[in-house]
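Note sheet for the following structure.
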Amino acid sequence: MTYRSFALLLFSLCIVGTARGDDSQYKHGPDSMPREGVPQGTVTQHVWDKSKVFEGTKRRYSVYVPAQYDGSQPAALMVFQDGHAYESLTGDFRVPTVFDNLIHDGSMPVTIAVMIDPGTKKELPEKRGWKPTPSNRSFEYDTLSADYSRLLLEEILPEVSKQYKITDNPKLRAIGGISSGGICAFTAAWERPDAFGKVLSHVGSFVNIRGGHNCEALIRKTPVKPIRVFLQDGSGDLDNDHGNWPLANQEMAKSLAYKKYDYKFEYGTGGHNGKHGGAILPESLRWLWRDWKQETP
């Protein structure tokens, strides 16, 4: 099997929703809708093609800056993998709208969001999205190493920081993602808890794609790290050669509970998609950021 065919197979296994899941109950609430009188942040588009960590790759990323940011104080930070899925105002997550509403009502600090796509070694498509499959996605996201956190900390975030002030306080820096992006978010915080203190994983791929099934054992065998973790999954998630997603997420939750982490696990009936995670994104963020005022110097 060629690398390209393997990547396409992996994409189909890990992204396409499963008919076993029941997502009908998951609907967006008012926090995911634009509200009159709520200031709207701005989103700018960028390309990064100078990577030393993942040489030869290109990727798009966008930066959301809330209306309340004025540069007088460093902003909090949240990074999202598969950023195109989080940026869309009509998709499952709708991060700019949700951030607008939660920052406005004080549930979150003034937070800059960096929504970054996985790398590809081909030409970038005209539009961000799942197709064509980003060729370097699995290597970057599913590998249990510090390489992806290096990409963020040594390349992407310094570039963003040329224009915006971002806090160095890990308690005010979060990272999230869906599927392989979910395990990627956990791994980045696990490897660099000094840089990311909060994790949000939607239908995380804690299975044996590239050794991710070892995460639950690593949690049990390693001294507790200063990270807060929110997991979401559904009973209709994937079950294939790589493993069983619902079981893997339940094992993650049990390991976090055993080590007495500050964690929450939302387990529903949905499949391998962003419908459940998107519907509960506002309350997930409220939980993650619940004591931000005490964490702010």
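Counted the way mature numbering (1 follows the signal peptide of the UniProt record, and there is no 0) counts, the sequence shown spans residues -21 to -1, 1 to 276.
Yeah, the Cβ is synthetic: ideal placement off N, Cα and C, and Gly gets one too.
This one's a predicted model, so the numbers in the text were calculated from it and none came from an experiment.
query: How is residue 268 classed by DSSP in three states: helix, strand or coil?
result: The count along the sequence shown starts at 1 and reaches residue 268 at position 289. Three-state result, residue 268: coil.
message: Quick check: residue 58 and residue 154, are their CB atoms within less than 8 Å of each other?
response: Here residue 58 refers to the residue found at position 79 of the sequence shown. Here residue 154 refers to the residue found at position 175 of the sequence shown. Between residue 58 and residue 154, the C-beta gap is smaller than 8 Å, which places the two residues in contact.
- request: List the endpoints of the continuous alpha helix (DSSP H) containing residue 55.
  value: Here residue 55 refers to the residue found at position 76 when the sequence shown is read from its first residue. For residue 55, there is no enclosing alpha helix (DSSP H); the residue is part of the beta strand (DSSP E) that begins and ends at 55 to 60.
Residue 46 beta carbon less than 8 Å from that of residue 146: Counting from 1 along the sequence shown, the entry for residue 146 is found at position 167. Counting from 1 along the sequence shown, the entry for residue 46 is found at position 67. Not closer than 8 Å, so no.
query: Which partner residues does residue 152 have in the DSSP bridge list?
result: Translated into the one-based positions of the sequence shown, residue 152 becomes position 173. Per DSSP, the beta bridge partners of residue 152 are 56.
- request: Go ahead and label residue 196 buried or exposed: buried means 16 or more other beta carbons lie within 10 angstroms of its beta carbon, across all protein chains shown.
  value: Here residue 196 refers to the residue found at position 217 when the sequence shown is read from its first residue. Answer is exposed; the Cβ neighbour count stays below 16.
query: How about the segment 108 to 117 and the segment 220 to 232: do they share at least three Cβ pairs that are nearer than 8 Å?
result: No contact exists between the segment 108 to 117 and the segment 220 to 232.
message: Measuring CB atoms only, is the segment 94 to 102 touching the segment 57 to 71, in the sense that at least three cross pairs come out at less than 8 Å?
response: Because the criterion of three Cβ pairs below 8 Å is met, the segment 94 to 102 and the segment 57 to 71 touch.
query: Per DSSP, what kind of secondary structure is residue 33 in: helix, strand or coil?
result: Taking the sequence shown and counting its residues from 1, one reaches residue 33 at position 54. In the three-state scheme derived from DSSP, where H, G and I count as helix and E and B as strand, residue 33 is classed as coil.
- prompt: Tell me which same chain residues have a C-beta within less than 6 Å of the C-beta of residue 189, skipping the five on either side of it?
  reply: Reading the sequence shown from its first residue, position 210 is the one you call residue 189. Answer for residue 189: 121 and 122, listed in chain order.
message: Just to confirm the assignment, what range does the beta strand (DSSP E) spanning residue 27 have?
response: As a working note, residue 27 is residue 48 in the sequence shown. Where residue 27 is concerned, the enclosing beta strand (DSSP E) stretches over 21 to 27.
query: Using a Cβ-Cβ cut-off of 6 Å (strictly less than) and excluding sequence neighbours within five positions of residue 83, which residues of its own chain qualify?
result: Indexing the sequence shown from 1 puts residue 83 at position 104. The beta carbon of residue 83 lies closer than 6 Å to those of 17 in the same chain, with the five residues before and after it left out.
query: Using a Cβ-Cβ cut-off of 8 Å (strictly less than) and excluding sequence neighbours within five positions of residue 242, which residues of its own chain qualify?
result: Your numbering for residue 242 matches position 263 in the sequence shown. Answer for residue 242: 207, 208, 209, 210, 232, 235 and 236, listed in chain order.
Classification of residue 66 by the beta-carbon crowding that lies within 10 angstroms, buried from 16 upward: For the purposes of this step, residue 66 is identified with residue 87 of the sequence shown, where counting begins at 1. Result: buried.
- prompt: Is the CB-CB distance between residue 125 and residue 253 below 8 Å?
  reply: Residue mapping note: residue 125 aligns to position 146 of the sequence shown, counting from 1. Residue mapping note: residue 253 aligns to position 274 of the sequence shown, counting from 1. Going by C-beta atoms, residue 125 is not nearer than 8 Å to residue 253.
query: Hey, residue 186 and residue 222 are a contact pair by Cβ (cut 8 Å); roughly how many whole angstroms apart?
result: Residue numbering aside, residue 186 sits at position 207 when the sequence shown is read from its first letter. Residue numbering aside, residue 222 sits at position 243 when the sequence shown is read from its first letter. So it is a contact: roughly 3 Å between Cβ atoms.
message: For residue 148, tell me which candidate among 164, 177 and 69 has the shortest Cα-Cα distance.
response: To locate residue 148, count along the sequence shown from 1; it is residue 169. Of the candidates 164, 177 and 69, the residue whose Cα lies closest to the Cα of residue 148 is 177.
query: CA-CA distance, residue 166 and residue 13?
result: Within the sequence shown, the letter at position 187 stands for residue 166. Within the sequence shown, the letter at position 34 stands for residue 13. The alpha-carbon of residue 166 is positioned some 33 Å away from that of residue 13.
message: Can you tell me whether residue 8 is helix, strand or coil according to DSSP?
response: Taking the sequence shown and counting its residues from 1, the one referred to as residue 8 is at position 29. For residue 8, the secondary structure class from DSSP, reduced to helix, strand or coil, is coil.
message: Between the alpha carbons of residue 36 and residue 137, how many angstroms are there, rounded?
response: Numbered from its first residue, the sequence shown carries residue 36 at position 57. Numbered from its first residue, the sequence shown carries residue 137 at position 158. Rounded to the nearest whole angstrom, the CA to CA distance from residue 36 to residue 137 is 18 Å.
- prompt: Candidates 71, 73 and 89: which alpha carbon is nearest residue 271's?
  reply: Within the sequence shown, numbered from 1, the residue matching residue 271 stands at position 292. Of 71, 73 and 89, the residue nearest in Cα terms is 89.
message: Is the separation between the beta-carbon of residue 150 and that of residue 274 shorter than 8 Å?
response: Taking the first residue of the sequence shown as position 1, residue 150 is located at position 171. Taking the first residue of the sequence shown as position 1, residue 274 is located at position 295. Yes.
query: For the beta strand (DSSP E) that residue 244 lies in, which residues bound it at each end?
result: For the purposes of this step, residue 244 is taken as the residue at position 265 of the sequence shown. Under the DSSP assignment, residue 244 falls in the beta strand (DSSP E) whose first and last residues are 241 to 247.
query: Going by beta carbon distance, what residues of the same chain come within less than 7 Å of residue 33, once the five residues before and after it are set aside?
result: On the sequence shown, residue 33 is found 54 positions in, with the first residue counted as 1. The answer, listed in chain order, is 98, 115, 119 and 130.
- prompt: So is residue 193 buried or exposed if we call it buried at 16+ other beta carbons inside 10 Å?
  reply: Counting from one through the sequence shown, the residue named residue 193 turns up at place 214. Exposed, since its Cβ has fewer than 16 Cβ neighbours within 10 Å.
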